[in-house]
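Okay, structure first, notes after.
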Amino acid sequence: MSQNNSQSDSIQNPRVTWEGCSVLLDINDGDRLVFARLSAGSTLKIGNKTYSLQPLIGCPFGSLFQVENGDQGHCLARFVPSIEGNNIQEKGDFESQDEIKDNRALVDNNKAQSLTGEEINAMRSQGATGDEIVEALIANSATFEKKTLFSQEKYRLKKQKKYAPKVLLRRPFARSICEAYFKKYPARIGFLRVDALSLLLSMANVSANSDVLVVDMVGGLLTGAVAERLGGTGYVCSTYLGSTPYSIDIVRIFNLSNEICKRIVRSPLTDLSLSQNGTSEQIHQQGDEINQQGDEINMECLSNNQMSSSVGMEEISPTENDTSDVISETTVSPVNKTGKSTKAGNKAPKQAIDLWKENGFSSLIIAAPELDLWSLLKDLLPLLANSAPFAIYHQYLQPLATCMHNLQLGKMAIGLQISEPWLREYQVLPSRTHPCMQMSAFGGYILSGIKICSSS
Amino acid sequence: MLPIDPTKKISFTRHICDGDLVVVYERHDNMKAIKVCQGSVLQNRFGVFKHSDWIGKPFGSKVFSNKNGFVYLLAPTPELWTLVLSHRTQILYIADISFVIMYLEIVPGCMVLESGTGSGSLTTSLARAVAPTGHVYTFDFHEQRAASAREDFEKTGLSSLVTVGVRDIQGEGFPDEFSGLADSVFLDLPQPWLAIPSAGKMLKPDGVLCSFSPCIEQVQRACDSLRSNFTDIKTFEILLRTYEVREVKMDCSQGDEAKPGSILPRKRPQRAIEKGNEQDKLSSQTVMARPCSEAKGHTGYLTFARLKCLS
Ligand SMILES: C[S@@+](CC[C@H](N)C(=O)[O-])C[C@H]1O[C@@H](n2cnc3c(N)ncnc32)[C@H](O)[C@@H]1O
Chain A
14 MSQNNSQSDS
24 IQNPRVTWEG
34 CSVLLDINDG
44 DRLVFARLSA
54 GSTLKIGNKT
64 YSLQPLIGCP
74 FGSLFQVENG
84 DQGHCLARFV
94 PSIEGNNIQE
104 KGDFESQDEI
114 KDNRALVDNN
124 KAQSLTGEEI
134 NAMRSQGATG
144 DEIVEALIAN
154 SATFEKKTLF
164 SQEKYRLKKQ
174 KKYAPKVLLR
184 RPFARSICEA
194 YFKKYPARIG
204 FLRVDALSLL
214 LSMANVSANS
224 DVLVVDMVGG
234 LLTGAVAERL
244 GGTGYVCSTY
254 LGSTPYSIDI
264 VRIFNLSNEI
274 CKRIVRSPLT
284 DLSLSQNGTS
294 EQIHQQGDEI
304 NQQGDEINME
314 CLSNNQMSSS
324 VGMEEISPTE
334 NDTSDVISET
344 TVSPVNKTGK
354 STKAGNKAPK
364 QAIDLWKENG
374 FSSLIIAAPE
384 LDLWSLLKDL
394 LPLLANSAPF
404 AIYHQYLQPL
414 ATCMHNLQLG
424 KMAIGLQISE
434 PWLREYQVLP
444 SRTHPCMQMS
454 AFGGYILSGI
464 KICSSS
Chain B
152 MLPIDPTKKI
162 SFTRHICDGD
172 LVVVYERHDN
182 MKAIKVCQGS
192 VLQNRFGVFK
202 HSDWIGKPFG
212 SKVFSNKNGF
222 VYLLAPTPEL
232 WTLVLSHRTQ
242 ILYIADISFV
252 IMYLEIVPGC
262 MVLESGTGSG
272 SLTTSLARAV
282 APTGHVYTFD
292 FHEQRAASAR
302 EDFEKTGLSS
312 LVTVGVRDIQ
322 GEGFPDEFSG
332 LADSVFLDLP
342 QPWLAIPSAG
352 KMLKPDGVLC
362 SFSPCIEQVQ
372 RACDSLRSNF
382 TDIKTFEILL
392 RTYEVREVKM
402 DCSQGDEAKP
412 GSILPRKRPQ
422 RAIEKGNEQD
432 KLSSQTVMAR
442 PCSEAKGHTG
452 YLTFARLKCL
462 S
């Protein structure tokens, strides 16, 4: 089928990986998240072993892999789960037997496990699979039988993560990319939570054929998310103050086709402005300083991840947990040659700029935590078509309040609203449903509104 | 409503024409969708507005009545449509809608199944997300509702992206012709667990399903039936808190006649206060924000799940 071809361009929404494709690897149920580009040479390190990612090429997204001891050593192999769930989240048939058991007799000391480290290593060298080791650990646990079914399952999962890690192949979408960054590096995306991002896209009416103006100082997440919705039509124009564009590195993690990448362009604000005036000069100087700062930060994170400009592998793993002895740093895959993809973020072509000057942009989204919002908005609003919606993200309320007030005074926009999304996840299990114990308490603020014709 | 036809796109040069759908904005909580018609008038508490006065004006214009009252004429968007559509059922609002679109991973070209159609509030945003090449097939067992929804999509210019079918989805499931073809499925049904097996059949492997239910018992049963074929099952609740903004005059004097924290009405901004005014030195003006006192406390639970990838 054509989906296995390396040219993703003809297919809007591929569901099978190809060589050169960007993927999100979810290791052990979200314990570790790694963005990688698949190639014959790319590898993933789990524990102290390095695995080739080659077996993942040509597999459907959503497939699960586990470590196998083959004749050529360890490798990742496709694991097809049973129809029925095989972990606690997905199993719900044990509540009744469970009610009679409790954990009063349970004493947790280190003596419960009689299998020693050496014995486990011996099993390994004799070619035991991870699952066999987990079973052995359970069989040799003095306390396992006394645990409630619930904690038995927990114990099994914990050991599974350590001895039989699973890798889930996921599509890098705005949703998963935003969630992964929010979990591990929230500062790099300006603490923009996925529900806030989704609101920005709706409030700015991002739709096929629209020309969306963005100020993206959240690493390219916003630009990529808009481009994903445009699907190769219209334009997303990422504008910047000063002379250096803001980093849009995150765009490379999205699996955007060449068609879509061509629609991601960048332009300094001075080129877009209908006319130049004195006040904007000053702002642009302010912008220059910020850009420089931004560059340093980018350099830093590039060298941290040893990312060369054409490699899109980034490690996102949460804080240390009990599996960290097994799961440590990943190696970075070698530069991928097939990724000769069109570069996203080229300079906006002159014809496009002329058209925007003539027609105005269809909408505006700002996520620029480091810029003075009001002076920025004063410069950007005139570039929007009349009746165009806009949405501005900020992690602080005050700058948005000031903007809203000024827009009201200046009668520049209507339908103005500051909103803050609140998102709560639930655990839903038989007789055990309740809101999750941990939640993100803050996802940012959004000022939205609609530009109106100036009264003059 | 959508720039599927680029000539209809809003721009500096696009003017309101006879036959356009406009959203008449009185206030943020008072809007109305109207089809512009040369000979017609709009009558409201501000007076009489002639449609003929609107034609040729840009979207976003302020237009006046015979009594000098005014309204704004806006280009319709799915967000505005949700606020002006006629409620034939309970509907989804922006917070739930935008989260659903994001979580269902809907992008241009996707094929999406939905039931029930209800008032078509969500459907409108689904259509925007799949445009220009995808399609939404939406089903409701209520014939009249389906017909009204169809009329609405005609009015909003979405009919090429949406097909409305009359069908009992809980009883019969989605039509077999869509088996294995859906990128995403959305359910807003009283007993979603009855439709979940069919939804599983319709989805492509790794495709995402969402079920919206106001009651936790519905969620409980939906999740029970999801566990066999789906993975990554997650339930959320999303709400919006809105803020009001005021310019407040803060008193800095220690005098007796101080009126602390007097709030300046938003309508009468005191911008040009004469210099040297004694009063002015003793007070400062600050823009402040606080949450609005009233908010929706609950809409529904959103349960998402991904079809297991078994081949
Ligand atoms: C709450 S409304 C959906 C509202 C919609 N989500 C919106 O945003 O406008 C639920 C709809 O489901 C329809 N419905 C209920 N049971 C159904 C069934 N078995 N098959 C198809 N539709 C059904 C009802 O007629 C109703 O219109």
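Chains A and B, in that order, are what the protein sequence lines are. For the first sequence, my numbering begins at 14 and goes up steadily by one. For the second sequence, my numbering begins at 152 and goes up steadily by one. Note that the Cβ used here is the ideal one computed from N, Cα and C, for glycine as well.
Around the Cβ of A:Lys552, are there at least 16 other Cβ atoms within 10 angstroms (buried) or fewer (exposed)?
Any question about residue 552 of chain A goes unanswered here, given that chain A covers just 14 to 469.
Quick one: list the residues of chain B neighbouring A:Gly86, beta-carbon separation under 7 Å, in chain order.
The contacting residues do not exist; A:Gly86 stays about 26 Å from chain B at best.
Straight-line CA distance for A:Ser453 to A:Trp435?
9 Å
Whose C-beta lies closer than 6 Å to the C-beta of A:Val264 among residues of the same chain, with five residues either side of it excluded?
Gly233, Thr236, Gly237, Ala357
Could you pull out every unbroken beta strand (DSSP E) segment of at least 3 residues lying fully inside the stretch 202-246 of chain B, listed in chain order?
Along the stretch 202-246 of chain B, the beta strand (DSSP E) occurs as fully enclosed runs of 3 or more residues at 212-215, 221-225, listed in sequence order.
In three-state DSSP terms, what is A:Trp387?
The answer is helix: DSSP assigns A:Trp387 an H, G or I state.
Please indicate yes or no: does the CB of B:Ser272 lie closer than 7 Å to some heavy atom of ligand 2?
For the structure depicted, ligand 2 is absent and the ligand set comprises only ligand 1.
If you pair each beta-carbon of the stretch 296-310 of chain B with each one of the stretch 241-256 of chain B, do three or more pairs fall below 8 Å?
By the C-beta criterion, the stretch 296-310 of chain B is judged not to be in contact with the stretch 241-256 of chain B, since fewer than 3 inter-stretch pairs fall below 8 Å.
Since B:Phe387 is in the beta strand (DSSP E), which residue starts that stretch and which ends it?
381-402
Within 7 Å: the Cβ of B:Leu340 and any heavy atom of ligand 1?
yes
For a cutoff of 8 Å on Cβ pairs, would you count B:Phe163 as touching chain A?
yes
For the beta strand (DSSP E) holding B:Glu328, just list the boundary residues, first then last.
Per DSSP, B:Glu328 lies in no beta strand (DSSP E) segment and is marked neither H nor E.
Residues of the stretch 211-243 of chain A with a CB closer than 8 Å to any CB of chain B: list them in chain order, please.
Ser211, Leu212, Leu214, Ser215, Met216, Asn218, Ser220, Ala221, Asn222, Ser223, Glu241, Arg242, Leu243
Looking only at its own chain, which residues have a Cβ that is under 6 Å from the Cβ of A:Ile475, when we skip the five neighbours before and after it?
The first residue shown for chain A is 14 and the last is 469, placing residue 475 of chain A beyond what the model contains.
For A:Phe74 and chain B, any beta-carbon pair shorter than 8 Å?
With 8 Å as the cut-off, A:Phe74 counts as an interface residue toward chain B.
Take the Cβ of B:Ala298 as the centre, count every other Cβ of all protein chains shown within 10 Å, and call the residue buried at 16 or more, exposed below.
exposed
Could you please give the first and the last residue of the uninterrupted beta strand (DSSP E) stretch that includes A:Cys250?
248-253
Within the present structure, is the beta-carbon of B:Thr268 separated from the nearest heavy atom of ligand 1 by less than 7 Å?
yes
How is the alpha helix (DSSP H) around B:Arg279 delimited, first residue to last?
272-281
Nearest by alpha-carbon distance to B:Gly269: which of B:Thr240, B:Arg372, B:Asn195 is it?
B:Thr240
Tell me whether B:Asp319, by its Cβ, gets closer than 7 Å to a heavy atom of ligand 1.
yes
From the DSSP output, read off the bridge partner residues of A:Ile378.
Partner(s): A:Val227, A:Ala404.
I'd like to know if the stretch 407-416 of chain A and the stretch 444-451 of chain A are in contact, where contact means that at least 3 CB-CB pairs between them fall below 8 Å.
no
How would you call A:Ala426, buried or exposed, if buried means at least 16 neighbouring beta carbons within 10 angstroms?
Of the other Cβ atoms in all chains shown, 16 or more fall within 10 Å of the Cβ of A:Ala426; this residue is therefore buried.
Does the distance between the C-beta of B:Leu172 and the nearest non-hydrogen atom of ligand 1 fall short of 7 Å?
no
When the Cβ atoms of the stretch 202-221 of chain A are set against those of the stretch 174-181 of chain A, are three or more pairs found closer than 8 Å?
Proximity of the stretch 202-221 of chain A to the stretch 174-181 of chain A falls short of the contact definition, fewer than three beta-carbon pairs being nearer than 8 Å.
What residue range is occupied by the uninterrupted beta strand (DSSP E) comprising A:Phe163?
It is not in any beta strand (DSSP E) - A:Phe163 instead sits in the alpha helix (DSSP H) that spans 162-176.
Can you determine whether any heavy atom of ligand 1 sits closer than 7 Å to the C-beta of B:Leu243, and answer yes or no?
yes
Just curious, the beta strand (DSSP E) that B:Met439 is in, first and last residue?
434-442
How about the stretch 444-460 of chain B and the stretch 384-393 of chain B: do they share at least three Cβ pairs that are nearer than 8 Å?
yes
Less than 8 Å between the CB atoms is what I'm expecting for A:Ile51 and A:Glu32, so what's the real figure, rounded?
According to the sequence shown, residue 51 of chain A is Leu rather than Ile. So it is a contact: roughly 6 Å between Cβ atoms.
According to DSSP, A:Trp435 sits in a beta bridge with which residue or residues?
B:Leu390
For chain A, is any of its Cβ atoms less than 8 Å away from the one on B:Phe363?
no
Examine ligand 1 and report whether any of its heavy atoms sits within less than 7 Å of the Cβ of B:Arg296.
yes
What residue range is occupied by the uninterrupted alpha helix (DSSP H) comprising B:Glu265?
No alpha helix (DSSP H) holds B:Glu265; the beta strand (DSSP E) holding it covers 262-266.
Helix, strand or coil for A:Cys34? Go by DSSP, reduced to three states.
coil
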